Every structure is written in structure tokens, then in C-alpha cells.
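Trainee: If you use the numbering used here, the sequence shown corresponds to residues 1462 to 1537, in order. Just so you know, even glycine gets a beta-carbon here, dropped at the ideal spot from N, CA and C. Keep in mind that this is a model prediction, so the values were computed, not measured.
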Amino acid sequence: MLCEWNLLSDDMQLILSREALRRAVETVASQAEILAAEMEDGGLANLGGPEALRLLAAVARATGEESLAAPAAGRA
């Protein structure tokens, strides 16, 4: 697979990498929200976690969007 990756243009590698990162950020944020809901519903012990998990989700999404929106160094 590495050989196939290396055959892709730099621009295509960047596009695919950014999409993978975007999906990873959304997965982490979604899982944090699910855990927060489970805590609120009594499925997991609530030790102040729901608010922290929602903050994690918001920060992940915000920083993920910002970093993915910025052009790569040397590219416009």
C-alpha cells in the first residue's frame, strides 16, 4: 500500500490526509458526545464528565476545522 500511496501526487496525498483527519476528528467528537449522553442517562458513572466530554468534542471540531482549512505550507 505504501508504494501505491507514493504514486499519488502530493496534492492528492494532502487531500486524502486532510479527509482522514477530518473523519478522525468527527469520530472522536461523536464518541465524546455519546459518552456524555450515557453518563447523563445513568449508563456510566457521572463524575462531572459530560461537560468535559462535550468540551473535548467542541475543541476537537474547532481545532480540526481550523487546521484543515489552513493551506499547507508553501501552498496557496
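Since I believe glutamate 1487 is in contact with arginine 1515 (beta carbons under 8 Å), could you give me their beta-carbon distance rounded to a whole number of angstroms?
Mentor: Taking the sequence shown and counting its residues from 1, the one referred to as residue 1515 is at position 54. Taking the sequence shown and counting its residues from 1, the one referred to as residue 1487 is at position 26. Arginine 1515 to glutamate 1487, Cβ: 15 Å. No contact.
Trainee: Could you tell me which of Gly1525, Met1500, Gly1504 sits nearest to alanine 1513, measuring between CA atoms?
Mentor: Within the sequence shown, residue 1513 is the residue found at index 52, counting from 1. Residue Met1500 is the option with its Cα nearest to alanine 1513.
Trainee: Since I believe arginine 1522 is in contact with alanine 1497 (beta carbons under 8 Å), could you give me their beta-carbon distance rounded to a whole number of angstroms?
Mentor: The residue you call residue 1497 lines up with position 36 of the sequence shown. The residue you call residue 1522 lines up with position 61 of the sequence shown. The C-beta separation of alanine 1497 from arginine 1522 comes to about 14 Å, leaving the pair out of contact by the 8 Å criterion.
Trainee: Using 10 angstroms around the beta-carbon of glycine 1503, count the other beta-carbons present and answer buried if the total reaches 16, otherwise exposed.
Mentor: Within the sequence shown, the letter at position 42 stands for residue 1503. The residue in question, glycine 1503, is exposed, as its Cβ has fewer than 16 Cβ neighbours within 10 Å.
Trainee: Please list the terminal residues of the continuous alpha helix (DSSP H) segment that includes leucine 1475.
Mentor: Within the sequence shown, numbered from 1, the residue matching residue 1475 stands at position 14. 1471 to 1501 is the extent of the alpha helix (DSSP H) around leucine 1475.
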